[in-house]
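For this note's numbering, add 710 to where a residue sits in the sequence shown, where the first one is 1.
Read through the structure below, which is laid out as structure tokens, and then see the notes.
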Amino acid sequence: MSQLDNFKQWLLSHRVINMSGTMTALGAARVPNEISELVRASLPLFLDISELQHHASKVIAAATGAEAGCVTASAAAGICVGVAACMTGSDRGAAEQLPDTRKLDKTRVIIQRGHVVNYGGSILQNVALTGARTVEIGTAIHSEGYQLHHALDGEAAAGLYVVSHHTVQSSQISLPEFIEGCHAANVPVIVDAASEYDLKTFIALGADLVLYSGHKFLGGATAGIIAGEADLVKACLIHQTSGLGRPMKVGKEGIVSVIAALLRWQELDHKALHQAEYRRSRLLLQRINEIEGLFAEESPDPTGNPITRIRVTVDPGYSAAPIARVADLLAQTSPAVIVRGHHVDLGFFELDPCNCSDEEATQALEQLVDVAKALKDVTPGEDELGLGPRFSSYDEAGLPVVDPTQVPWMFKRHKTVQDKPYAWPKEK
Ligand SMILES: *Cc1c(COP(=O)(O)O)cnc(C)c1O
């Protein structure tokens, strides 16, 4: 067998069942034929890349309602390119100097502390790569308009607003208020909407640049999309092609994939697709509630994406068994089942129906039934005297004692897929 055949065999036998949604660490999207056929057609060709970007701009504009658009290597690259564009505009000399910002007046990016996220990489680092400095306003869980107002001085180059399940979801400045404040100070707003379905709302609300991933819900190959105001997009293109975007360059396959994904998106029967996903969710819900020790309920997406996920908790009687253990055991089954585990320290994980087939969901359920059997080894908690659910008990002297296996501040962090060391394939 040739080495190529060997690798192909390895590739096809190392798939995982993705119950966690659009995860970069799991390969992001299952690219459909309509997109991969066009990408494949482009691969043997020489093409004028700027002409291709021009075409992409028109398609992005039509899909988002923005004046123009450009394709980047990823949404994370879009943050670098977008921030750089807000600092230099179309000044090529200034663009070429970044990350040296000494000759620039506007070099600060304002962000709410609750929006300082990590999507596999830190948003602060992506901004810092450009030479800009971030100014964080508010506290981790609370920001207000007066703090934004105070931060918007003559050095502010951009306001950065993140719409994502990763952010703190309460007590943040709303997007309309954020845009109104920034625009009153003549500061453009960049919205990181990498993982959002809605391609129009953020532009319609007045955002100057909006970033999307081409490989999340759009289903394309790895790429990013910037949509926005024409002059800023022009500046983005300068950075993308010849400035600091060069080492994170997007090739013809990425640009073609974005065009194909956006055109397909307009023609897709979204309701039929989401109905099929919801049927999958309901199946998961019903079957999990038949498993002793587990409890399942529906959970809407926090940012408004059209997904109903299934939230899984351990029955109170089994409360000594952290849900993280179930998630870990599932990841060890074969094929590995990867759940949405960001919140296991709060006692639940979620199952996302959008990136698995019906067959994969059924297979995952079978593996979950096996894993749940291990829960029975755990002694159910003592039946307290009608005090209700709590993460505490009483010591011999009758004093309250916290249960260190239950409280999030004692919880050993659940390892996500990203944390796994790369496993070199074994020699056959
Ligand atoms: C996924 C994600 C990113 C990164 O997107 P890539 O296209 O994979 O670089 C950035 N921001 C948010 C909010 C995300 O969810």
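C-beta atoms are modelled at their ideal positions from N, C-alpha and C, and glycine is treated no differently.
Compute the minimum distance between the beta carbon of residue i and the heavy atoms of ligand 1, and state whether it is under 7 angstroms.
i       : result
Gly934  : yes
Ala739  : no
Ala735  : no
His876  : yes
Ala785  : yes
Ser923  : yes
Asp1011 : no
Ser767  : no
Ser730  : no
Ala904  : yes
Tyr988  : no
Val872  : yes
Val1111 : no
Val960  : no
Tyr907  : no
Val827  : yes
DSSP beta-bridge partners for residue i?
i       : result
Phe888  : According to DSSP, Phe888 bridges with nothing at all.
Gly1057 : Gly1057 is not bridged to any residue.
Leu1004 : Val1024
Arg1050 : Glu1060
Val1111 : Ser1103
Met1009 : With the sequence shown as reference, residue 1009 is identified as Ser, and Met is not the correct amino acid for it. For Ser1009, which the question treats as bridged, DSSP gives the partners Arg1019.
Met729  : Val1049
By alpha-carbon positions, which one of the options ends up nearest to residue i?
i       : options                            : result
Arg725  : Glu890, Asp715, Leu736, Ala778     : Leu736
Ala1023 : Glu846, Asn1015, Ala933, Gln1116   : The sequence given here has Thr at residue 1023, not Ala. Cα-wise, what sits closest to Thr1023 is Gln1116.
Leu928  : Ile770, Val1112, Gly955, Leu757    : Ile770
Asp908  : Cys1066, Ala773, Trp720            : Ala773
Met1120 : Ala1107, Gln879, Ser1102, Asp1062  : Ser1102
Lys1083 : Gln835, Arg1035, Val1049           : Arg1035
Ala751  : Val966, Leu993, Leu1039            : Val966
Ile1048 : Tyr856, Gln1077, Ala895, Leu1109   : Gln1077
Ser905  : His925, Val741, Gly775             : His925
Ala903  : Asp1113, Arg1100, Gly1057, Ala785  : Ala785
Gln985  : Asp1025, Leu915, Asp1068, Ile1033  : Asp1068
Ile847  : His825, Thr840, Tyr829             : His825
Gly792  : Asn828, Tyr922, Gly1003            : Tyr922
Ala971  : Phe1058, Gly930, Asp1038, Phe1059  : Gly930
Ile1020 : Ala1071, Ala1046, Ile900           : Ala1071
Gly731  : Pro1110, Asp1011, Leu1075, Glu747  : Asp1011
Glu1060 : Met729, Gln719, Trp720             : Met729
Ala850  : Leu1056, Ile883, Ile1033           : Ile883
Val749  : Ala895, Thr932, Asp1038, Pro886    : Thr932
Leu762  : Val741, Ile969, Phe912             : Ile969
Val887  : Gly934, Leu915, Thr877             : One detail in the question is off: residue 887 reads as Glu in this sequence, not Val. Among Gly934, Leu915, Thr877, the Cα nearest to that of Glu887 is on Leu915.
Leu983  : Glu1008, Ala738, Cys1066           : Cys1066
Leu973  : Lys718, Ala766, Ala739             : Ala766
Ile659  : Pro1099, Pro1114, Tyr1104, Gln1073 : Since the first and last residues shown for the chain are 711 and 1138, residue 659 lies out of range.
Gly831  : His876, Thr798, Thr1018            : His876
Pro1032 : Val845, Val920, Phe1058            : Phe1058
Residue i CB to nearest chain D CB: under 8 angstroms?
i       : result
Asn1065 : Included in the structure is just one protein chain, with no chain D present.
Checklist entry - Counting only runs that start and end within the region 766-833, where is the beta strand (DSSP E) found for 3 or more residues in a row? => result 778-782, 818-822
Next on the checklist: Closer than 8 angstroms is the cut-off here; do at least three beta carbon pairs connect the region 806-824 with the region 865-880?
Outcome noted: yes
Item to check | Sequence ranges, beta strand (DSSP E) only - wholly within the region 842-922, length at least 3 | outcome: 843-847, 866-872, 899-902
Next on the checklist: Any contact between the region 752-764 and the region 962-974? By contact I mean 3 or more CB pairs, one from each, below 8 angstroms.
Outcome noted: yes
Item to check | Whole runs of the beta strand (DSSP E) within the region 915-998, excluding any shorter than 3 residues | outcome: 919-923, 934-938
Checklist entry - Is the region 824-841 in contact with the region 965-979, if contact means three or more CB pairs nearer than 8 angstroms? => result no
Checklist entry - For the 8 angstroms Cβ check, are there 3 or more pairs between the region 934-950 and the region 787-801? => result yes
Item to check | Touching by the beta-carbon criterion (3+ pairs, under 8 angstroms), the region 853-861 and the region 807-814 | outcome: no
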